[in-house]
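Colleague: For the working numbering, add 7 to where a residue sits in the sequence shown, where the first one is 1.
The structure under discussion is supplied below as structure tokens; questions concerning it will follow.
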Amino acid sequence: MDYRDLPIRDDLRGLTPYGAPQIDVPYPLNTNENPYGPPAELVADLARAVTEAATTLNRYPDRDATELRKDLADYLAHGLTAQNLWAANGSNEVLQQILQVFGGPGRSAIGFEPSYSMHRLIALATATEWISGLREGDYTLDSAKAIAAIEQQRPNIVFLTSPNNPTGTAMDLDVIRAVLKAADGVEAMVVVDEAYFEFARPGTPSALTLLPENPRLIVTRTMSKAFAMAGARVGYLAADPAVIDALLLVRLPYHLSALTQAAARTALKHVTALLGTVDAVKAQRDRIVEELTALGLPVVPSDANFVFFEVPGGDQKALWEKLLTHGVLIRDVGIPGMLRVTAGTEPETTAFLDALKECL
């Protein structure tokens, strides 16, 4: 039987599951993972922490992940406490919980595209109407147009992404402030997705600085990228304590396992070593930007661990396939004439650049 023959919701018909191609290649540079594995000392501490947690697996975990939230608040600083933090299985579950409590049937969310496609997909999965706002030709967001869209559409949730995925550029705080003011006028929540913030260029401010005066603001983060913990599935948010109280209405009981909490807390004890790889990744990102520019390929300025670039001739599918024959897998996000490549290790980045030059 085909799943389409089952009595699924009408609004899910015609959709396809989210996911990047999973192809076994020498150089996987398509999912924005940190190319550096956890350091040996962290692996050893993880083994001890998970072993200790395993001795009590007959009991449910801390339902509210209290100690993990304290550790996350200490990491983010900005005067935050555990009451400002919430954690879940990856930032996608965090986003889902936000949409479950502030979205749903009869409600709407707006995002400014191209941006992280899971905002739209999770909105649809939670029966939240999705409104597509647009970015400018250079992929920036015009605050006046964003304000007009919010005032006209009156959404319940506004999504901003900084640094933006797939384009890579962080958003100016003045734009976020303008959106917050407009959203407050229609009593909407504003979610600023900062999954890639640790890779931002020096001097880039975080939306965390805006939390004290904006109780409807939510800033989401992840341990998948800079922390090189994509396999652990840990995402989190910072917000007014009232937002966390609201999320408790929809979170599943004991949603974050004892093993996950132990792994995340252990990783936070090694934050200096883990974030030490960030500079290496940023160096390769900047190298990609420099070399693609030298090749005459237009590049979007990046504050993330990836680079979004224009393909000569506009046929991104053909170039994607040519690179794949060289063992290099990058990402075609479906935007005509554009491709996205993750910054890898020095050898991985070299392999991509060499293959690109040969393909061109």
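Positions of the beta carbon are idealized from the N, C-alpha and C atoms, including for glycine.
Helix, strand or coil for glutamate 194, going by three-state DSSP, please let me know.
Modeller: By 1-based counting over the sequence shown, the position of residue 194 is 187. Correct three-state label for glutamate 194: coil.
Colleague: Please state whether the Cβ-Cβ distance between glutamate 201 and threonine 227 is less than 8 Å.
Modeller: Walking along the sequence shown from the start, residue 201 turns up at place 194. Walking along the sequence shown from the start, residue 227 turns up at place 220. Yes. Within cutoff.
Colleague: What is the residue span of the alpha helix (DSSP H) that valine 226 lies within?
Modeller: Here residue 226 refers to the residue found at position 219 of the sequence shown. Note, valine 226: premise wrong, no alpha helix (DSSP H); beta strand (DSSP E) at 224–229.
Colleague: For a test of the three-state rule: what should DSSP assign to proline 33, helix, strand or coil?
Modeller: Sequence index remark: in the sequence shown, residue 33 carries index 26 (1-based). Coil, per DSSP.
Colleague: Can you list, in chain order, the stretches of the alpha helix (DSSP H) that have 4 or more residues and sit fully within the region 292–366?
Modeller: The region 292–366 contains these whole alpha helix (DSSP H) runs: 323–332, 353–366.
Colleague: For isoleucine 154, which of helix, strand or coil comes out of DSSP?
Modeller: Position 147 of the sequence shown, counting from 1, holds the residue named residue 154. Looking at isoleucine 154 - three-state DSSP - the assignment turns out to be helix.
Colleague: What distance in whole Å lies between the Cβ atoms of alanine 94 and tyrosine 243, which are believed to be in contact at a cut-off of 8 Å?
Modeller: In the sequence shown, residue 243 corresponds to position 236, counting from 1. In the sequence shown, residue 94 corresponds to position 87, counting from 1. The pair is a contact, with the Cβ atoms about 4 Å apart (cut-off 8 Å).
Colleague: Could you check whether the region 136–145 touches the region 111–120, counting it as contact only if at least three pairs of C-beta atoms, one from each stretch, sit closer than 8 Å?
Modeller: Yes: at least three Cβ pairs fall under 8 Å.
Colleague: Assign isoleucine 105 to one of three DSSP states: helix, strand, or coil.
Modeller: Within the sequence shown, the letter at position 98 stands for residue 105. Looking at isoleucine 105 - three-state DSSP - the assignment turns out to be helix.
Colleague: Give me the Cα-Cα distance between tyrosine 82 and glutamine 90, rounded to the nearest whole angstrom.
Modeller: Position 75 of the sequence shown holds residue 82. Position 83 of the sequence shown holds residue 90. Distance between the alpha carbons of tyrosine 82 and glutamine 90: 14 Å.
Colleague: Residues in its own chain within less than 6 Å of valine 288 by CB, not counting five upstream and five downstream?
Modeller: The sequence position of residue 288 within the sequence shown is 281, counting from 1. Excluding sequence neighbours, valine 288 sits near Asn312, Ala350.
Colleague: Let me confirm a value: methionine 8 is counted as buried when at least 16 other C-beta atoms fall within 10 Å, else exposed. Which label applies?
Modeller: Against the sequence shown, residue 8 aligns to sequence position 1. Exposed is the call here.
Colleague: Within 10 angstroms of its Cβ, does leucine 281 collect 16 or more other Cβ (buried), or is it exposed?
Modeller: For this step, residue 281 is matched to residue 274 along the sequence shown. Looking at its Cβ environment, which holds 16 or more other Cβ atoms inside 10 Å, leucine 281 is buried.
Colleague: Do threonine 216 and threonine 176 have their C-beta atoms within less than 8 Å of each other?
Modeller: Residue 216 sits at position 209 when you count from the first residue of the sequence shown. Residue 176 sits at position 169 when you count from the first residue of the sequence shown. The answer is no: Cβ separation not under 8 Å.
Colleague: Among Leu53, Glu143, Ser124, Arg161, whose alpha-carbon lies nearest the alpha-carbon of alanine 239?
Modeller: Stepping through the sequence shown from its first residue, residue 239 is reached at position 232. For the residues Leu53, Glu143, Ser124, Arg161, the minimum Cα distance to alanine 239 belongs to Leu53.
Colleague: Report yes if the CB atom of isoleucine 164 is closer than 8 Å to the CB atom of leucine 106, and no otherwise.
Modeller: Within the sequence shown, residue 164 is the residue found at index 157, counting from 1. Within the sequence shown, residue 106 is the residue found at index 99, counting from 1. Going by C-beta atoms, isoleucine 164 is nearer than 8 Å to leucine 106.
Colleague: Do glutamate 205 and alanine 245 count as a contact pair if the criterion is CB distance below 8 Å?
Modeller: Taking the first residue of the sequence shown as 1, we reach residue 245 at position 238. Taking the first residue of the sequence shown as 1, we reach residue 205 at position 198. No, these two residues do not count as a Cβ contact at 8 Å.
Colleague: Quick one: residues in its chain with C-beta nearer than 7 Å to the C-beta of glutamine 104, no 5 flanking neighbours on either side, listed in chain order?
Modeller: In the sequence shown, residue 104 corresponds to position 97, counting from 1. Excluding residues within five positions, the ones whose Cβ falls inside 7 Å are Ala95, Leu254, Val257, Arg258.
Colleague: Let's test the definition: count the other Cβ atoms within 10 Å of the Cβ of asparagine 41 and tell me whether it reaches 16, buried, or not, exposed.
Modeller: Residue 41 sits at position 34 when you count from the first residue of the sequence shown. Buried is the call here.
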